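>
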Amino acid sequence: MTITVVGTVAFDAIETPFGKVDRCIGGSATYFSVAASFFSRVNLVAVVGEDFTDDDASIFAGRDIDLEGLERVAGQKSFFWSGEYGFDLNVAKTRDTQLNVFAGFHPQLTETQRRAPVIFLANAEPSLQLATLEQCESPRIVALDTMNLWIATARDALTEVFKRVDLVIINDAEVRQYTEQSNVIKGARQILALGVKTLVIKRGEYGVLMMTRDKLFAAPAYPLEQVFDPTGAGDTFAGGFLGYLAAQPEATDQAFRRAIIFGSTLASFTVEKFSLDRLREITIEDVRARYREFKALTHFEDFEV
Ligand code: AMP
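The opening residue of the sequence shown carries number 1261 in this note's numbering; numbering runs sequentially from there.
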């Protein structure tokens, strides 16, 4: 099944305790599309400025990514985000956000993009997510990601979007912030009560928790010795997760569980280098090999009495 994603294609400036880069490719839709395209076809809907060159666009080349929806606007600059991380790599501190061309972005989906059975509303202002959703024609799965900024500044609009999606991918701090609950499980129940069917809670280096009304699945993160730059881990996770799920004949409980592990596997590659530098050099075989390591890592037998 094809996935339509609407989000940012951006330039980032990043500083971690291990290095610094002044300008590299980033953006929620960029990480998502590249990760999802390992498994499914992706329609990318985003906007960039004149500064986004063909060389920059080469990150999408040779992958199953339709670029018809990647609009380039003359005389404007691309979305720019600058962030830093301290020794706790789970917490990103935003230094600067420049919307630039993204400020005037009102996506008009083509028929093909509207009819995709899976829709991913990548991190963006909730009103833009809602406007996108209103154009879609009875998708089977609608998923969304968000961030602390929108919980603080556009809470009501975000609640409206939550009520209309099947799947929310969010981190633990955002669950706490949105629900004002210190216990993440209790907070998660509040979000599920809005009508969300599945909640996927990202817990950084501690892994992922998936919750429905009656089921719970927990997976650790792949234990890496060298985490270089966590930027994009969340979007890569979402891409691997939804990309794998969209490629399955049926969205069974087991398919959801495997999707969580594929998402985590892809995210573990992203954090090994800056930007998409690691993601762009791996093959599906590398992904499968690490998935198997993941399985071995978490496997245990029932106890014997
Ligand atoms: P994450 O997967 O959460 O680390 O997302 C990282 C990407 O999100 C970066 O490459 C940024 O370009 C992008 N980003 C940061 N802030 C925003 C925002 N307010 N809206 C949309 N995208 C953003």
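Here a beta-carbon is modelled for each residue, glycine too, at the ideal position from N, C-alpha and C.
Note that this is a predicted model, so its numbers are computed, not measured.
Quick check: is any heavy atom of ligand 1 less than 7 angstroms from the C-beta of THR1439?
Residue 1439 sits at position 179 when you count from the first residue of the sequence shown. No; taking the cut-off as 7 angstroms, the Cβ of THR1439 has no heavy atom of ligand 1 nearer than that.
> Go ahead and pull the three-state DSSP assignment for ASN1443.
As a working note, residue 1443 is residue 183 in the sequence shown. In the structure shown, ASN1443 sits in coil (DSSP, three-state: anything other than H, G, I, E or B).
> At the level of alpha carbons, what is the spacing between ALA1527 and VAL1565?
For the purposes of this step, residue 1527 is taken as residue 267 along the sequence shown, with counting starting at 1. For the purposes of this step, residue 1565 is taken as residue 305 along the sequence shown, with counting starting at 1. Straight-line Cα distance between these residues: approximately 39 angstroms.
> Check whether the Cβ of ASP1495 lies closer than 7 angstroms to any heavy atom of ligand 1, and answer yes or no.
Locating residue 1495 in the sequence shown gives position 235, where the first residue counts as 1. Answer for ASP1495: yes, Cβ within range of ligand 1.
> Flag SER1288 as yes when its Cβ comes closer than 7 angstroms to any non-hydrogen atom of ligand 1, and as no otherwise.
Translated into positions along the sequence shown, residue 1288 becomes position 28. For ligand 1, at least one heavy atom lies less than 7 angstroms from the Cβ of SER1288.
> Quick check on the burial criterion: 16 or more other C-beta atoms within 10 angstroms. Buried or exposed for PHE1560?
Stepping through the sequence shown from its first residue, residue 1560 is reached at position 300. So PHE1560 ends up on the exposed side.
> Does DSSP put ILE1520 in a helix, a strand or coil?
As a first step, residue 1520 is located in the sequence shown; it is residue number 260 there, counting from the start. If DSSP states are grouped into helix, strand and coil, ILE1520 belongs with the helices.
> Ignore the nearest five residues each way along the sequence and tell me which others in LEU1427's own chain have a CB closer than 6 angstroms to its CB.
Counted from its first residue, the sequence shown places residue 1427 at position 167. Closer than 6 angstroms at the Cβ level, and outside the excluded window around LEU1427, lie ALA1403, THR1458.
> At a cut of 8 angstroms, does the region 1538-1549 reach the region 1338-1353 through at least three beta carbon pairs?
no
> Since ALA1412 is in the alpha helix (DSSP H), which residue starts that stretch and which ends it?
As a working mapping, residue 1412 is identified with position 152 in the sequence shown. Its alpha helix (DSSP H) spans residues 1408-1413.
> Taking PHE1339 as part of the beta strand (DSSP E), name the residues at either end of that continuous run.
Within the sequence shown, residue 1339 is the residue found at index 79, counting from 1. First-last of the beta strand (DSSP E) with PHE1339: 1339-1345.
> To the nearest angstrom, report how far apart THR1496 and PHE1563 are at their CA atoms.
Locating residue 1496 in the sequence shown gives position 236, counting from the first residue. Locating residue 1563 in the sequence shown gives position 303, counting from the first residue. Approximately 36 angstroms between the Cα atoms of the pair.
> Classify ALA1296 as buried or exposed, calling it buried when 16 or more other Cβ atoms lie within 10 Å of its own Cβ.
Looking up residue 1296 in the sequence shown gives position 36. The residue in question, ALA1296, is buried, as its Cβ has 16 or more Cβ neighbours within 10 Å.
> Determine the burial state of VAL1307: buried for a count of at least 16 other Cβ atoms within 10 Å of its Cβ, exposed for fewer.
As a working note, residue 1307 is residue 47 in the sequence shown. Buried.
> Between the Cα of VAL1460 and those of LEU1454, ALA1448, ALA1453, TYR1466, spot the shortest distance and give me the residue it belongs to.
For the purposes of this step, residue 1460 is identified with residue 200 of the sequence shown, where counting begins at 1. Closest by alpha carbon: ALA1448.
> In whole angstroms, what is the alpha-carbon distance linking SER1318 and ILE1325?
As a first step, residue 1318 must be located in the sequence shown, where it is residue number 58. As a first step, residue 1325 must be located in the sequence shown, where it is residue number 65. Roughly 11 angstroms between the two C-alpha positions.
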